[in-house]
Amino acid sequence: QRCRVISRPGWPAVSCRGERGWPHASAALPAGAMVKAAARGLLERVAIAVDERVNLKHVHRRLQAVAKVLIVATFIEDALRVALTFSVQQKSMEIAGWQSPALHTLLPVLSLVVQSSGSVLIVMPGGGRRPEIGCYVLLLWCLWHPFMYRQQTNWEFVLETLTIQGGLLVLLSHFMLIRPEAKQAVLHGRAADDPTHVRANRLQAVGRMLIVSIFLFYAFQKVHADAQRLKAKHVEAAAPSMAKGGSADGNDSAADNAAAAA
Numbered sequence: 248q249r250c251r252v253i254s255r256p257g258w259p260a261v262s263c264r265g266e267r268g269w270p271h272a273s274a275a276l277p278a279g280a281m282v283k284a285a286a287r288g289l290l291e292r293v294a295i296a297v298d299e300r301v302n303l304k305h306v307h308r309r310l311q312a313v314a315k316v317l318i319v320a321t322f323i324e325d326a327l328r329v330a331l332t333f334s335v336q337q338k339s340m341e342i343a344g345w346q347s348p349a350l351h352t353l354l355p356v357l358s359l360v361v362q363s364s365g366s367v368l369i370v371m372p373g374g375g376r377r378p379e380i381g382c383y384v385l386l387l388w389c390l391w392h393p394f395m396y397r398q399q400t401n402w403e404f405v406l407e408t409l410t411i412q413g414g415l416l417v418l419l420s421h422f423m424l425i426r427p428e429a430k431q432a433v434l435h436g437r438a439a440d441d442p443t444h445v446r447a448n449r450l451q452a453v454g455r456m457l458i459v460s461i462f463l464f465y466a467f468q469k470v471h472a473d474a475q476r477l478k479a480k481h482v483e484a485a486a487p488s489m490a491k492g493g494s495a496d497g498n499d500s501a502a503d504n505a506a507a508a509a
């Protein structure tokens, strides 16, 4: 089957010839539809060319490794900071209100061990449940972290910790979805009813909400500060008129008192 384009002002048409020659009617297509079809064909050719030259599986594995390192980078940095400034951390425990001198040493050591071990469990290559265990270790540490520094009433500190927990939950859901039983459920078309998939999707949804928590907090702070600034300007603008009105009332009262005295 062959097709030709019949030019019409602002409305091109396409006619296709089958075995019996050109049909009497032509299939008219808007110009926008033809542009979209051409763009779609170009994108498909580009995708095929990229697929032929680039091993997407290798790229995906590398991106996974980078994502894991980025998520645990904050724990690695904190563990290194504790190791390099151990005496400062001991002083911080004393300032936080921990009375026992033993806790001044034990809590920084706990921070170093838990954060470094959880990070290593996640970033080490290999399968199994080890990365999931690392996620659970770091999630539990995030729950304890604000209480260790007595910052549980500091909303900014708590929400920053929740944002990190959100990233860990998304990473945990990924590790759950690459379990062998989860892959088998996908192959057999049972992913929607598979308990592992259901739990992983719920964790991922919760993680996404937690990730944006700190940004919502900063946005609320900015809006609240702008509202307070506008309110202060309104009060300042209304103050001269109120003072002028008060002065006029005072003059009227003085005149009335003078008249009464006369």
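Quick note, the sequence shown lines up with residues 248 to 509 if you use my numbering. A virtual CB, placed ideally from N, CA and C, is assigned to each residue, including glycine. Since the structure is predicted, the reported quantities are computational estimates derived from the model, not experimental observations.
How is residue i classed by DSSP in three states: helix, strand or coil?
i	result
I425	coil
P372	coil
S388	In the sequence on display, residue 388 carries Trp and not Ser. It is helical.
W402	helix
A439	coil
R397	coil
T534	A question about residue 534 goes unanswered here, because the residues of the chain that appear run from 248 up to 509.
G344	coil
V313	helix
V482	helix
V293	helix
How many angstroms separate the CA atom of residue i from the CA atom of residue j?
i	j	result
L290	K338	60 angstroms
L387	V316	19 angstroms
S273	M281	At S273 the pLDDT is 46, less than 50, meaning the model places this residue with poor confidence; the figure from the coordinates comes in the next sentence. Going from the Cα of S273 to the Cα of M281 covers about 15 angstroms.
P427	E341	48 angstroms
S334	Y383	29 angstroms
M371	A284	46 angstroms
V453	L409	11 angstroms
Could you work out which residue in the options is closest to residue i when comparing CA atoms only?
i	options	result
A343	A447, S460, Q399	Q399
A326	A286, V417, G365	G365
L406	C389, P427, M371	C389
L385	L331, R397, L368, Q468	L368
M395	W345, K469, T332	W345
For residue i, collect the residues of the same chain with a Cβ closer than 7 angstroms to its Cβ; drop the 5 residues on either side in sequence, then sort them by chain order.
i	result
Q311	none
Kindly list the residues whose CB is nearer than 8 angstroms to the CB of residue i, restricted to its own chain and excluding five residues on each side of it in sequence; keep chain order.
i	result
A314	L418
R455	G413, V417
ask   = Looking at C-beta atoms only, is the number of pairs between the segment 403-417 and the segment 353-362 that lie closer than 8 angstroms three or more?
value = With a cut-off of 8 angstroms, the segment 353-362 and the segment 403-417 do not count as touching, because too few Cβ pairs lie within range.
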